[in-house]
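Numbering (the working numbering), first residue to last: 424 to 774. For glycine and all other residues, C-beta sits at the position ideal for the given N, C-alpha and C. The structure under discussion appears below in the form of structure tokens.
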Amino acid sequence: MNWWNPRFEDSSIGPYVLKAVNEHKFSEGSLAVYFQERMAKALKVEHAVALNSGSSALAVGMLALGVKPGDEVILPDRTWIGTAHAVKLIGAVPVLVDVQEDRPLMDIRAVEKAITDKTKVIIPVHLNGFAVDMEILLPLARHKGIKVLEDACQALFSRRHGQHLGTVGDIGCYSLSWSKLICAGQGGIAVTNDPELFEKMRKIRHHGVDNAYDSSWGQFGFNFRWTDIQAALAVPQLGVVDRDIARLKENHARYVEADIGVIPTESGEEVPLYTSCLSKRRDELVKFLGDRDIGCRVLWPSIHTSPAVGSDEKFPNSDRFAQEEFYLPSGHALASEDVDSVISAVREFQG
Ligand SMILES: Cc1ncc(COP(=O)(O)O)c(C=O)c1O
């Protein structure tokens, strides 16, 4: 059993791919535009921009928000390294803060302490569909004139108090890579309610121009474009996303009820993409399960240990997650019987 399997709507992909190929307009053709529009509607947001990855969405979002080399950007020490690398890519300075004790989400008190005159953007990361408390973070940022870029790469269609994560700050970013709710192989979406930010992101995605024949060159940008071939994979999945979300929630609830160390959601609105589990004997447990053909994913080290990003500060909560956290088999392709056999194996290990 793999820790994750993507699930495609096989019978629907072929006609969409043919449509994309026959249109002879691979990047940003009608399918990519259609997907963007459907995403904006589904997320109840004004504008969506499809991009070639979640990491690109973060970089494009920061450029649109006017982040310049040397500006400081605050982010949590627990996230996928892509969040921090997007900050580095545009020459800004990543400022790391510790996470909460019980969930690997940015500690907002630590954010408050980390703010300086150079802080331009705060990036709350809604890791694993778990919601950062935007009702506290947003007023804090607004009061200081700081922009908020939500990293909702792992939180597509997760909500808090009725609002989709990623749609509350200035810009929100989602990933469509292989272990996400909607998998396009690679891909990303940036959303906003601000028409100016939308226009900027739309242009930054394509070297600042409207098309390859437009040589106005007013806006700095890069090739961050998505393709219709990828949209052909994503569009059919959007049609069955409610079913997939229900499956994720059902599997996760089953794991949580078994009381084997899985981090629970805070409400039924959160979509737990992964079965994030904590164990003081993590590496032993992962080996035990691996010997029984149950694949797990040991989570990444904390960002402050990266030579490219690095920090000498102490992040005790983050360090604990780095040592104890792993994913049990997860995903909407996983059947309830698989969940039950994983639970039995973990119980066997726990004695
Ligand atoms: C929290 C987080 N941020 C950013 C990214 C980057 O997204 P992508 O892999 O689509 O570039 C990911 C990808 O897994 C992620 O999990």
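Taking the straight line between their C-alpha atoms, what separation do you get for residue i and residue j?
i: P499; j: V632; result: 34 Å
i: D763; j: N551; result: 21 Å
i: D521; j: G589; result: 21 Å
i: E432; j: H549; result: 27 Å
i: A455; j: G774; result: 51 Å
i: M485; j: F711; result: 43 Å
i: P562; j: I717; result: 44 Å
i: K626; j: A613; result: 13 Å
i: R565; j: P527; result: 24 Å
i: R628; j: L474; result: 7 Å
i: L441; j: L656; result: 12 Å
i: Q586; j: D714; result: 42 Å
i: K467; j: N616; result: 9 Å
i: R583; j: Y457; result: 27 Å
i: R720; j: D540; result: 39 Å
i: E451; j: I683; result: 45 Å
Is residue i helix, strand or coil when you go by DSSP?
i: R743; result: helix
i: K570; result: strand
i: S450; result: strand
i: K491; result: coil
i: A575; result: coil
i: P659; result: helix
i: L599; result: coil
i: V591; result: coil
i: V516; result: strand
i: T506; result: helix
i: P499; result: strand
i: F749; result: strand
i: S537; result: Checking the displayed sequence, the identity of residue 537 turns out to be Ala instead of Ser. Correct three-state label for A537: helix.
i: A443; result: helix
i: M529; result: strand
i: V544; result: strand
i: V468; result: coil
i: S699; result: strand
i: R715; result: coil
i: V522; result: strand
i: Q775; result: Outside the displayed range of the chain (424 to 774) lies residue 775, so it cannot be described from this structure.
i: T650; result: strand
Buried or exposed for residue i, going by 16 or more other Cβ atoms inside 10 Å?
i: F553; result: buried
i: K543; result: buried
i: S638; result: exposed
i: W427; result: buried
i: A463; result: buried
i: D651; result: buried
i: I546; result: buried
i: S434; result: exposed
i: W649; result: buried
i: P752; result: buried
i: S767; result: exposed
i: F643; result: exposed
i: G610; result: buried
i: K567; result: exposed
i: Y636; result: exposed
i: A443; result: buried
i: S690; result: exposed
i: T688; result: buried
i: G514; result: exposed
i: R501; result: buried
Say yes only if the C-beta of residue i is nearer than 7 Å to one or more non-hydrogen atoms of ligand 2, and no if none qualify.
i: L481; result: Within the structure as shown, ligand 2 is missing, the only ligands being ligand 1.
Within the chosen definition, does the region 468-479 reach the region 586-601 through at least 3 CB pairs nearer than 8 Å?
-> yes
Check whether the region 660-674 touches the region 502-518, taking contact to mean three or more Cβ pairs, one atom from each stretch, closer than 8 Å.
-> no
Touch check for the region 691-708 and the region 741-758: three-plus C-beta pairs under 8 Å?
-> yes
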